[in-house]
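Chains as they are written, first to last, in the working numbering: chain A, 1 to 262; chain B, 1 to 262; chain C, 1 to 262. Cβ atoms here follow ideal geometry from the backbone N, Cα and C, with glycine treated the same way. A quick write-up on the structure given underneath.
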Amino acid sequence: MNPGETLRRLREQRPLVHQITNYVVMNETANITLALGALPVMAHAPEEVEEMVGIAGALVLNIGTLSSGWVDAMLAAGRAANAREIPVVLDPVGAGATRYRTETALKILDEVDVAVLRGNAGEVATLAGVEAEVRGVESIGASGPAADVARRAADALGVVASVTGPIDHVSDGSRVVAVENGHPLLASITGTGCMSSAITGAFLAAGNGSALDAAAEALAAFGVAGENAAPGAKGPGSFHVNLYDALAALDPAMLDERARFA
Amino acid sequence: MNPGETLRRLREQRPLVHQITNYVVMNETANITLALGALPVMAHAPEEVEEMVGIAGALVLNIGTLSSGWVDAMLAAGRAANAREIPVVLDPVGAGATRYRTETALKILDEVDVAVLRGNAGEVATLAGVEAEVRGVESIGASGPAADVARRAADALGVVASVTGPIDHVSDGSRVVAVENGHPLLASITGTGCMSSAITGAFLAAGNGSALDAAAEALAAFGVAGENAAPGAKGPGSFHVNLYDALAALDPAMLDERARFA
Amino acid sequence: MNPGETLRRLREQRPLVHQITNYVVMNETANITLALGALPVMAHAPEEVEEMVGIAGALVLNIGTLSSGWVDAMLAAGRAANAREIPVVLDPVGAGATRYRTETALKILDEVDVAVLRGNAGEVATLAGVEAEVRGVESIGASGPAADVARRAADALGVVASVTGPIDHVSDGSRVVAVENGHPLLASITGTGCMSSAITGAFLAAGNGSALDAAAEALAAFGVAGENAAPGAKGPGSFHVNLYDALAALDPAMLDERARFA
Numbered sequence: 001m002n003p004g005e006t007l008r009r010l011r012e013q014r015p016l017v018h019q020i021t022n023y024v025v026m027n028e029t030a031n032i033t034l035a036l037g038a039l040p041v042m043a044h045a046p047e048e049v050e051e052m053v054g055i056a057g058a059l060v061l062n063i064g065t066l067s068s069g070w071v072d073a074m075l076a077a078g079r080a081a082n083a084r085e086i087p088v089v090l091d092p093v094g095a096g097a098t099r100y101r102t103e104t105a106l107k108i109l110d111e112v113d114v115a116v117l118r119g120n121a122g123e124v125a126t127l128a129g130v131e132a133e134v135r136g137v138e139s140i141g142a143s144g145p146a147a148d149v150a151r152r153a154a155d156a157l158g159v160v161a162s163v164t165g166p167i168d169h170v171s172d173g174s175r176v177v178a179v180e181n182g183h184p185l186l187a188s189i190t191g192t193g194c195m196s197s198a199i200t201g202a203f204l205a206a207g208n209g210s211a212l213d214a215a216a217e218a219l220a221a222f223g224v225a226g227e228n229a230a231p232g233a234k235g236p237g238s239f240h241v242n243l244y245d246a247l248a249a250l251d252p253a254m255l256d257e258r259a260r261f262a
Numbered sequence: 001m002n003p004g005e006t007l008r009r010l011r012e013q014r015p016l017v018h019q020i021t022n023y024v025v026m027n028e029t030a031n032i033t034l035a036l037g038a039l040p041v042m043a044h045a046p047e048e049v050e051e052m053v054g055i056a057g058a059l060v061l062n063i064g065t066l067s068s069g070w071v072d073a074m075l076a077a078g079r080a081a082n083a084r085e086i087p088v089v090l091d092p093v094g095a096g097a098t099r100y101r102t103e104t105a106l107k108i109l110d111e112v113d114v115a116v117l118r119g120n121a122g123e124v125a126t127l128a129g130v131e132a133e134v135r136g137v138e139s140i141g142a143s144g145p146a147a148d149v150a151r152r153a154a155d156a157l158g159v160v161a162s163v164t165g166p167i168d169h170v171s172d173g174s175r176v177v178a179v180e181n182g183h184p185l186l187a188s189i190t191g192t193g194c195m196s197s198a199i200t201g202a203f204l205a206a207g208n209g210s211a212l213d214a215a216a217e218a219l220a221a222f223g224v225a226g227e228n229a230a231p232g233a234k235g236p237g238s239f240h241v242n243l244y245d246a247l248a249a250l251d252p253a254m255l256d257e258r259a260r261f262a
Numbered sequence: 001m002n003p004g005e006t007l008r009r010l011r012e013q014r015p016l017v018h019q020i021t022n023y024v025v026m027n028e029t030a031n032i033t034l035a036l037g038a039l040p041v042m043a044h045a046p047e048e049v050e051e052m053v054g055i056a057g058a059l060v061l062n063i064g065t066l067s068s069g070w071v072d073a074m075l076a077a078g079r080a081a082n083a084r085e086i087p088v089v090l091d092p093v094g095a096g097a098t099r100y101r102t103e104t105a106l107k108i109l110d111e112v113d114v115a116v117l118r119g120n121a122g123e124v125a126t127l128a129g130v131e132a133e134v135r136g137v138e139s140i141g142a143s144g145p146a147a148d149v150a151r152r153a154a155d156a157l158g159v160v161a162s163v164t165g166p167i168d169h170v171s172d173g174s175r176v177v178a179v180e181n182g183h184p185l186l187a188s189i190t191g192t193g194c195m196s197s198a199i200t201g202a203f204l205a206a207g208n209g210s211a212l213d214a215a216a217e218a219l220a221a222f223g224v225a226g227e228n229a230a231p232g233a234k235g236p237g238s239f240h241v242n243l244y245d246a247l248a249a250l251d252p253a254m255l256d257e258r259a260r261f262a
């Protein structure tokens with residue numbers, strides 16, 4: 001893992017991250033992408049998604065406020081990304097909460113070659129068909145139930161599974177990398193999961209070719225920014241503001257020092 | 001009125017508040033719901049709204065950027081909520097400004113059993129067919145033109161009418177409760193009305209069964225948070241940030257002390 | 001140019017600015033419109049756009065997350081605005097990036113009488129059919145490549161072209177006004193271009209009848225607010241917050257002193 005090196009390259013290359021995401025977080029994931037040093041673009045019209053993804057370094061699909069027209073756009077963009085070997089991130093927001101979300105996420109996984117599936121343990125376990133009682137379970141290091149969900153989901157779905165929580169677990173089906181950065185205040189604002197998916201897209205675009213490395217490095221970068229945003233925050237509002245400042249100020253050397261992989 | 005007790009219960013239960021709302025405020029109402037201590041979910045696809053509302057504690061419908069597909073989803077979700085006895089809040093943003101908004105709000109009121117109608121005096125008066133010249137009129141306590149709009153709208157529409165303004169008035173058609181909390185800076189940012197509707201949904205989900213109490217308690221909680229957010233604010237931007245911090249920091253005992261019902 | 005006088009009039013009149021804009025920035029442009037002193041309304045349903053624009057002082061069309069239904073609404077609203085002599089601003093976000101965006105912007109320019117086209121040099125050059133190599137080129141005063149793009153686009157498209165960048169250039173085809181206000185941090189957050197288009201709409205509504213003056217005055221106001229927002233900002237997050245505070249605090253006399261037209 002070389003998160004500092006990837007971050008340095010990302011800021012030199014400024015990759016375009018094409019995001020077809022939900023209405024709730026569009027401004028937030030655009031701003032977090034910019035703060036990181038990459039360039040966001042949001043486009044969902046069937047008339048343009050294939051052309052837009054062709055100039056992007058990564059595609060991020062997020063089903064947080066899905067509807068049928070948007071799902072079609074995600075599938076078209078995903079297939080176009082695959083044809084051009086542009087890495088795809090899927091954020092299956094709410095999979096398990098309704099059948100429509102579960103089925104849509106599975107359909108995308110079936111029809112699109114997804115590089116990284118980034119979700120919480122419940123969402124990822126649902127999609128992998130894993131019986132997971134991970135709620136409230138604190139996992140330690142690269143073992144425990146959440147690590148197991150990541151490893152089994154990666155194996156079953158043929159993706160890198162990036163399972164975020166108090167400790168994050170990223171797996172390609174054989175290795176599991178735990179990322180121990182982050183801060184509880186990240187759970188106090190909406191869309192931090194979606195932000196981490198956008199950052200994952202940017203790291204994939206700038207990475208060394210290993211989706212496992214890029215996904216884990218992205219979570220370390222976001223987690224360290226969260227840690228830096230917490231001091232001085234008086235609650236979720238000021239933490240949210242600080243988070244953009246902290247990500248923009250994230251220093252590659254400091255990131256390498258502070259990243260905690262296990 | 002026991003706003004502190006309801007807030008305490010809300011934070012223990014963490015009810016899910018299903019919101020079909022406008023594009024302008026989705027992030028803001030999600031974050032205000034989280035800051036309060038409840039859980040937001042946004043979902044508008046016809047394929048899932050009925051299933052989603054089934055796991056929610058309240059449903060909030062907001063027509064701020066309506067279009068026909070969304071209106072259909074609101075109606076379907078509203079009927080499903082009614083069948084499951086899940087309370088429904090309607091925020092008729094812009095009723096009176098265009099016929100489409102007025103007619104849509106009336107259609108929802110006709111087809112869905114709305115527990116609380118939360119709007120400004122002009123919007124609510126329009127829907128109740130009340131001739132109201134409330135613009136610029138400062139109402140005092142539980143009387144005056146705005147109080148009258150609330151009482152008459154509640155009576156005519158069979159809802160609890162929650163009419164917000166410099167002083168808020170909540171009525172079930174017989175009683176009128178005035179809520180005298182709040183701060184002028186709340187009018188300086190967009191979506192504070194929509195936020196108060198989301199908070200009303202959360203209080204309904206956690207309340208004692210009286211929609212009148214829940215609606216008034218919600219406005220007191222939001223108003224006190226607004227009061228606490230103002231000191232130190234340099235304008236609408238910093239006030240907006242402080243508002244989330246203040247709501248997350250809202251203490252039940254302090255809320256009981258500071259709430260001003262008349 | 002009398003930006004202070006226009007700002008004073010704007011705050012007295014509080015014009016309604018009807019915006020059909022993109023999902024990413026809706027909250028931000030609504031809040032920037034409010035902070036300036038005007039009133040925003042977002043409405044895109046074909047059932048209401050014509051009626052809504054009839055009560056507005058200006059219409060702002062922005063294609064940042066366009067789709068076919070929204071484009072139809074933009075055209076209908078634009079034609080209704082023209083019939084009522086309500087000025088129209090077009091923000092051609094991403095023109096040149098995909099054919100769909102370029103063709104849609106050209107279609108709007110063809111079917112609607114656009115008062116001000118507000119975009120970056122690449123977007124405006126694309127629409128004007130001008131071969132522009134403006135990327136990275138620092139223009140000085142009212143000459144240089146960006147000034148040329150503005151003048152030629154205004155001439156070719158029959159609009160006031162408002163080309164923003166490190167230095168902004170506004171032209172009606174004969175005169176070119178350079179606006180030298182602003183701050184590099186404005187480029188660190190998403191949607192500042194969209195915000196400047198919303199502000200342009202408000203200035204047109206309150207202006208002296210010259211679209212050239214209104215467009216240049218709007219950019220000066222936004223630029224000075226950006227300058228005032230920068231001190232104390234620790235990054236894009238806190239700058240974003242400060243920007244609303246600074247715009248709300250913008251004093252007309254100070255604006256006249258600080259505005260730098262060339």
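Considering only Lys234/B, Arg79/B and Val71/B, the residue with the shortest C-alpha distance to Thr21/B is Val71/B. With a cutoff of 8 Å on beta-carbon distance, Arg79/C and Glu111/C are scored as near each other. Under DSSP, the beta-bridge partners assigned to Phe261/B are Val179/B. Contact of Glu111/B with chain C by beta-carbon distance below 8 Å is absent, the smallest such distance being about 18 Å. Within chain A, the residues whose beta carbon sits less than 8 Å from that of Met52/B are Ala97 and Thr98, listed in sequence order. Taking a Cβ-Cβ threshold of 8 Å, the residues of chain A close to Pro236/C are Asn31, Leu34, Ala35, Tyr244, Asp245 and Ala248, in chain order. In this chain, the beta strand (DSSP E) harbouring Ile20/C covers Leu16 to Ile20. Put simply, the backbone Cα of Gly207/A is about 8 Å away from that of Leu10/A.
Contact note: Met42/B reaches chain A through Asn22, Tyr23, Val24, Gly64 and Thr65, using a C-beta cutoff of 8 Å and chain order. With respect to the 8 Å criterion, Ala198/A and Thr6/A are not classified as neighbours on the basis of their beta carbons. Neighbourhood of Asn27/B in chain C, by CB distance below 8 Å: Asn27, in chain order. The beta-carbon separation of Ala178/B and Asp168/B, rounded to 7 Å, stays under the 8 Å limit for a contact. Asp213/C and Arg175/C have their C-alpha atoms spaced approximately 11 Å apart.
For Asn120/A, the enclosing beta strand (DSSP E) stretches over residues Val116 to Asn120. The stretch 80 to 99 of chain A makes contact with the stretch 38 to 51 of chain B: 3 or more CB pairs, one atom from each, lie closer than 8 Å. DSSP places Asp113/C in the coil class of the three-state scheme, outside both helix and strand. CA-to-CA, the gap between Asp155/A and Glu123/A works out to about 16 Å.
In its chain, beyond the 5 residues on either side, Ile189 have a beta carbon closer than 6 Å to the beta carbon of His240/A.
Here the stretch 52 to 70 of chain B makes no contact with the stretch 113 to 127 of chain A; the two share fewer than three CB pairs at distances below 8 Å. Contact of Glu47/B with chain A by beta-carbon distance below 7 Å involves Tyr100. The beta carbon of Pro231/B sits closer than 7 Å to none of the beta carbons in its chain outside the five residues before and after it.
A buried status is given to Gly193/B, since no fewer than 16 other beta-carbon atoms sit within 10 Å of its beta-carbon. Distances from the alpha-carbon of Gly165/C to those of Val53/C, Ala146/C and Asp172/C put Ala146/C closest.
Using a Cβ-Cβ cut-off of 8 Å, Gly193/B does not count as an interface residue toward chain C, since no Cβ of chain C sits closer than that to its own.
With a cutoff of 8 Å on beta-carbon distance, Leu59/A and Ile32/A are scored as not near each other. At a C-beta separation below 7 Å, Thr190/A has these neighbours in chain B: Asn27, Ala30, Asn31, Leu34 and Pro40. Note that the C-beta distance between Gly57/A and Ala211/A is not below 8 Å. Per DSSP, Ser238/A is one residue of the alpha helix (DSSP H) stretching across Pro236 to Ala248. In the three-state scheme derived from DSSP, where H, G and I count as helix and E and B as strand, Ser197/C is classed as helix. A buried status is given to Pro236/C, since no fewer than 16 other beta-carbon atoms sit within 10 Å of its beta-carbon. With respect to chain B, the C-beta atom of Val241/A has a partner C-beta closer than 8 Å. Comparing C-alpha distances from Gly209/B to each of Glu50/B, Val25/B and Val88/B shows the shortest one belongs to Val88/B. Ranked by Cα distance from Leu250/A, the first of Ser238/A, Gly64/A and Ala220/A is Ala220/A.
For Met42/C, there is no enclosing alpha helix (DSSP H); the residue is part of the beta strand (DSSP E) that begins and ends at Leu39 to Met42. Listed in chain order, the non-local C-beta contacts of Leu39/C below 8 Å within the same chain comprise Arg14, Pro15, Leu16, Val17 and Thr33, local neighbours out to five positions each way being set aside.
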